[in-house]
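What follows is one structure encoded as structure tokens, with my remarks underneath.
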């Protein structure tokens, strides 16, 4: 229902939305709303199966939506497709209206004379007024821009923004995941220019890519590789995606047309996922921390020195040059708009001055503090009032394993396994009478063993995770789950791993973690005060792509 909160329905265009009922039975579309159909046999006349329905009176457009919460919904761009249907489409540009302000005079609308045009280089532009002003404001250009470039799609009129210019917008041609995609002000301006809607601009999400001061040449193929903007990168090194949620590699794709940016790694790129962190007892010389409040920073921090360098000052260590900075995951905490502090494993919180490089007590090397990327949005700033993140008392962690019995000889592909895991998870949450915020990283093996990690996410309402784990264990012993998926029935059987053993494992892992931390604290590393490196004073750090769907 997010869409209806963002765009108020127009005067003529009416949208009908049908949602799933609580018993998960799908509401069927009435036959009266549908066009009929017939069967055409090889011989003889067509046989009418369903006649045309009368339709819906005084309605131009009828949209049915079935809403369900599944992992697949987080992987695909459902809202993107809805916005195409509601007007952001090359097939509908010619129907956009030029209307006076206010719905009271909507009857005076006329068809827009020009919505798109080609510039002297053949680039297709969307040239309507609100869109042009919105882009100019975004790039920090005085006045209005000449239009917003649309993606070139095999010579056809495009229905997507140019990715080089508006990376992260919901209406670019490729979907980069819910965490990295925004419903941006320029896209909402396009719906205002359609003449069909009154737009709630306060619902826009800030688009950091190219924001404020990038200038009119930002995103051009001729400038993206010259170092004129650090939203783009060169070479093929490892760094940070511009939203700093993920580690990334400097690479391109067909939409970028040779320009390069730090794109999230395929595996374990997310700094904000605890499960990507190091297992207890594993050496962590760079002091990385994976946590919901962790972000990616360019750094070369280390707690270890080569033998010949043990007596040297950290800033003079020859094998730690600024060019060797790479993406690392560390905690961050907003202290104001554009202001924040960072924490490395075992270190105190250290103020991170945007645009500067700092040192961390207990570590050799440098950490670069990005400017204009962190603590910029209202969501980030609201976190300023939250208590500081503490790693001394980690959330209790439990694991629940269930074996599934299905029809004899029944096999599942990878996508079917993911669907079944989602179905089991929903049934499990329903059995526990709680939200999904207790359950993380569900998976299922080819031998039909379902596993889910359990901990209580911040803001999660309900009993402790230990109480929920015990309650589920007892109820599943008495009554297994029965799950119907893909035309087959599956029954669960609780794993023999007992709750007591889980607790013993937790204690053992805690002891290992404490021992590892004590061992790490005795390393012969000389603490140093936070300061700006004299080597880099007054120079630009040669790091590209530090700019984050």
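Residue numbers (the working numbering): 1155 to 1703. Think of the CB as a built atom: it goes at the ideal place given N, C-alpha and C, for glycine as much as any other residue.
Given residue i as reference, the closest of the options once Cα atoms are compared
i            : options                : result
residue 1597 : 1551, 1615, 1576       : 1576
residue 1447 : 1498, 1587, 1453       : 1498
residue 1282 : 1551, 1294, 1300, 1292 : 1300
residue 1114 : 1393, 1196, 1644, 1515 : Since the first residue of the chain shown is 1155 and the last is 1703, residue 1114 is not available in this structure.
residue 1331 : 1187, 1380, 1453, 1400 : 1400
residue 1708 : 1326, 1641, 1443, 1304 : Nothing can be reported for residue 1708: it is not among the residues displayed for the chain, which extend from 1155 to 1703.
residue 1552 : 1590, 1606, 1587, 1387 : 1606
residue 1426 : 1333, 1346, 1380, 1278 : 1333
residue 1493 : 1322, 1482, 1523       : 1523
residue 1263 : 1254, 1318, 1390       : 1254
residue 1320 : 1298, 1192, 1290       : 1290
residue 1313 : 1285, 1410, 1245, 1295 : 1245
residue 1527 : 1394, 1619, 1566, 1424 : 1394
residue 1143 : 1305, 1287, 1407, 1504 : Outside the shown range of the chain, which is 1155 to 1703, sits residue 1143, and nothing can be said about it.
Residues bridged to residue i [DSSP beta-bridge criterion]
i            : result
residue 1608 : 1552, 1593
residue 1250 : Partner(s): none; residue 1250 has no beta bridge.
residue 1487 : 1495
residue 1401 : 1394
residue 1315 : 1304, 1326
residue 1639 : 1642
residue 1336 : 1323
residue 1482 : 1451
residue 1518 : 1456
residue 1559 : 1645
residue 1443 : According to DSSP, which records beta bridges pairwise, residue 1443 is partnered with nothing at all.
residue 1603 : 1557
residue 1511 : 1522
CA-to-CA distance, residue j to residue i, given in whole angstroms
i            : j            : result
residue 1348 : residue 1419 : 38 Å
residue 1404 : residue 1580 : 38 Å
residue 1676 : residue 1518 : At residue 1676 the pLDDT is 31, less than 50, meaning the model places this residue with poor confidence and gives no usable figure here.
residue 1328 : residue 1437 : 38 Å
residue 1368 : residue 1414 : 16 Å
residue 1557 : residue 1351 : 52 Å
residue 1469 : residue 1520 : With a pLDDT of 44 at residue 1469, under the threshold of 50, the modelled position of that residue is not reliable, and the figure given next carries that caveat. Rounded to whole angstroms, residue 1469 to residue 1520 spans 8 Å at the Cα level.
residue 1600 : residue 1571 : 8 Å
residue 1184 : residue 1213 : 15 Å
residue 1233 : residue 1385 : 26 Å
residue 1548 : residue 1569 : Residue placement at residue 1548 cannot be trusted, given a pLDDT of 41 that sits under 50; what the coordinates show is reported in the next sentence. The straight-line gap from Cα to Cα measures roughly 33 Å.
residue 1364 : residue 1511 : 22 Å
residue 1417 : residue 1509 : 22 Å
residue 1624 : residue 1636 : 20 Å
residue 1354 : residue 1222 : 26 Å
residue 1379 : residue 1392 : 17 Å
residue 1169 : residue 1218 : Note that residue 1169 scores 39 on pLDDT, short of 50, meaning its location in the model is unreliable and no value can be drawn from it.
residue 1628 : residue 1634 : 10 Å
residue 1336 : residue 1357 : 11 Å
residue 1482 : residue 1421 : 15 Å
residue 1231 : residue 1199 : 42 Å
residue 1638 : residue 1604 : 15 Å
residue 1096 : residue 1207 : Nothing can be reported for residue 1096, as the shown portion of the chain is limited to 1155 through 1703.
residue 1432 : residue 1506 : 24 Å
residue 1388 : residue 1402 : 13 Å
residue 1626 : residue 1616 : 14 Å
residue 1622 : residue 1224 : 22 Å
residue 1341 : residue 1370 : 19 Å
residue 1377 : residue 1383 : 8 Å
residue 1590 : residue 1630 : 18 Å
residue 1408 : residue 1315 : 14 Å
Run of the beta strand (DSSP E) containing residue i, from where it starts to where it stops
i            : result
residue 1505 : 1504-1506
residue 1577 : Premise fails: residue 1577 lies in the alpha helix (DSSP H), 1568-1586, not in any beta strand (DSSP E).
residue 1223 : Element bounds for residue 1223: n/a, residue is neither H nor E.
residue 1358 : No beta strand (DSSP E) holds residue 1358; DSSP gives it neither H nor E.
residue 1449 : 1448-1453
residue 1417 : 1415-1418
residue 1192 : 1191-1193
residue 1436 : Where residue 1436 is concerned, there is no enclosing beta strand (DSSP E), given that its DSSP letter is neither H nor E.
residue 1203 : 1201-1204
residue 1374 : Run containing residue 1374: none; DSSP gives neither H nor E here.
residue 1278 : 1278-1280
Range covered by the alpha helix (DSSP H) that runs through residue i
i            : result
residue 1239 : 1232-1239
residue 1268 : Premise fails: residue 1268 is in no alpha helix (DSSP H) and is neither H nor E.
residue 1527 : Note, residue 1527: premise wrong, no alpha helix (DSSP H); not H, not E.
residue 1628 : 1619-1632
residue 1719 : Since the displayed the chain opens at 1155 and closes at 1703, residue 1719 lies outside it and no answer follows.
Cβ separation of residue i and residue j, assumed to be a contact under 8 Å, to the nearest whole Å
i            : j            : result
residue 1236 : residue 1324 : In fact, because the Cβ distance is near 10 Å, the residues do not count as touching under 8 Å.
residue 1269 : residue 1242 : The pair is not a contact, with the Cβ atoms about 11 Å apart (cut-off 8 Å).
residue 1216 : residue 1210 : 6 Å
residue 1273 : residue 1279 : 6 Å
Residue-level contact to chain C via CB, residue i, 9 Å cutoff
i            : result
residue 1249 : You won't find chain C in this structure, because it holds only one protein chain.
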